[in-house]
Amino acid sequence: MAEQSGSMESSFANDNIRAERERLNDLIRQMMLAELPTASARLVDRGIDPRPIIGTDYEGNAMSVAQFYLLLRAYSVTEKAGQDPTYKGARVAIASDLSPRVRDAAFVALNQQSAEEAGHGDKVFGAAYYEMGGVAPTPLPEEQLNNGGDFLEPVSDPAINTQKVLDMMAILGGVETLALERAFPLVLDACSRWNHPLASQLVDQVNRNVKPEEARHVLTWRYLFHQGVAPRGEDAIERYFMLTNWGRDRFLAPRMERREFERHMKASCPTTEQLIGRPLPVSI
């Protein structure tokens with residue numbers, strides 16, 4: 040595993056990651072606060088009142104329409120950023136030493152997830168942000184969403200590629216469970232209190248498209264646990280659990296308790312059809 044340890048392992052071993060993420064988040068919050076007057080002006084130009092309080096943020100603070108507008112920007116950037124690691128992960132999966140059926144299922148599921156993540160960023164949250172007066176959202180350097188390094192590049196050893204895709208899927212599992220548990224409920228709650236046609240459109244798109252697709256991504260997290268992690272024993276399971284929380288640490292979210300993780304994984308292994316919402320292509 041030496042080829043891997045110089046990049047991926049050192050990245051995951053950062054004990055101060057939450058403190059560093061908090062520092063960067065403070066910078067982002069300051070930038071967003073500075074952007075509020077401009078955001079409010081854009082909303083007014085679109086005929087939208089930026090002042091009504093329509094919900095609370097993650098810390099329980101009152102959230103106005105203008106602040107919700109900035110939240111949509113963050114969601115758009117985050118979802119869009121998910122396209123790159125899932126695209127790369129699919130290529131690592133196909134070069135792994137997982138069994139052929141598992142390898143192919145992981146490849147198809149991750150390849151599809153890459154397209155879905157881009158769709159959420161561009162077609163749902165990005166479109167809503169634009170309709171409210173925004174422009175195409177660009178990641179801030181502090182967000183570090185596109186700084187994934189080269190650890191998802193396939194290498195010559197299929198066993199290393201297997202570990203790479205399992206590690207990446209653990210991290211994504213932490214992020215995807217967080218999205219379903221916190222991010223999307225926050226959006227839906229705010230929309231339920233906002234009397235605007237765009238709110239009802241967002242509710243429909245999140246419920247009809249985004250949530251089912253994100254739930255399927257969580258199935259991929261469980262699928263690779265059952266197929267690639269559990270057979271390897273407790274050390275592999277603990278690594279998968281630890282990296283699931285590493286994904287949540289990136290967003291300063293509450294960590295998943297081990298009993299909650301086990302509750303997720305006690306369910307039966309998802310079928311390959313569940314992973315992508317249809318049977319695998321007959322060519323595979």
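Our numbering puts the first residue of the sequence shown at 40, with every later residue one more than the last.
Note that CB positions come from ideal geometry on N, CA and C, so glycine has one too.
1) By DSSP, does I93 sit in helix, in strand, or in coil?
2) Determine the contact status of S195 and D161, defining contact as a CB-CB distance below 9 Å.
3) Just to confirm my understanding: we take E61, look at its own chain, exclude 5 residues before and 5 after, and list those with CB closer than 7 Å. What are they?
4) Of the choices L263, T283, E296, E273, whose alpha-carbon is the least far from that of S138?
5) Using the C-alpha atoms, what's the distance from R112 back to A229?
6) Does the Cβ of I315 have 16 or more other Cβ atoms within 10 Å, making it buried, or fewer, making it exposed?
7) Along the chain, where does the beta strand (DSSP E) containing S239 start, and where does it finish?
8) For the segment 117-131 against the segment 83-91, do three or more pairs of beta-carbon atoms, one drawn from each stretch, fall closer than 8 Å, so that the two count as touching?
9) Would you please state the rounded distance, in angstroms, between the beta carbons of H265 and C308? I believe it to be under 8 Å.
10) Can you tell me the Cβ-Cβ gap for M171 and Y108, rounded? I've got them flagged as a contact below 8 Å.
11) Check whether the segment 294-302 and the segment 238-245 touch, using three or more Cβ-Cβ pairs below 8 Å as the test.
12) In this structure, does DSSP put M102 in helix, strand or coil?
Let me lay it out:
1) In the sequence shown, the residue the question calls residue 93 occupies position 54. Here I93 sits in strand by DSSP.
2) Here residue 195 is taken as the residue at index 156 of the sequence shown, counted from 1. Here residue 161 is taken as the residue at index 122 of the sequence shown, counted from 1. No, the Cβ-Cβ distance between S195 and D161 is not below 9 Å.
3) Counting from one through the sequence shown, the residue named residue 61 turns up at place 22. If we look at E61 and ignore the five residues flanking it on each side, its Cβ neighbours are L291.
4) For the purposes of this step, residue 138 is taken as residue 99 along the sequence shown, with counting starting at 1. Measuring C-alpha to C-alpha distances from S138 to each of L263, T283, E296, E273 identifies L263 as the nearest.
5) As a first step, residue 229 is located in the sequence shown; it is residue number 190 there, counting from the start. As a first step, residue 112 is located in the sequence shown; it is residue number 73 there, counting from the start. Cα to Cα, A229 sits roughly 15 Å from R112.
6) Here residue 315 is taken as the residue at index 276 of the sequence shown, counted from 1. It counts as buried.
7) Working through the sequence shown from its first residue, we reach residue 239 at position 200. Premise fails: S239 lies in the alpha helix (DSSP H), 236-244, not in any beta strand (DSSP E).
8) Flag = no, the segment 117-131 and the segment 83-91 do not touch.
9) Translated into the one-based positions of the sequence shown, residue 265 becomes position 226. Translated into the one-based positions of the sequence shown, residue 308 becomes position 269. Correct: roughly 4 Å between the Cβ atoms.
10) For the purposes of this step, residue 171 is taken as residue 132 along the sequence shown, with counting starting at 1. For the purposes of this step, residue 108 is taken as residue 69 along the sequence shown, with counting starting at 1. Their Cβ separation, rounded to whole angstroms, is 5 Å, which keeps M171 and Y108 in contact under 8 Å.
11) no
12) Working through the sequence shown from its first residue, we reach residue 102 at position 63. Here M102 sits in strand by DSSP.
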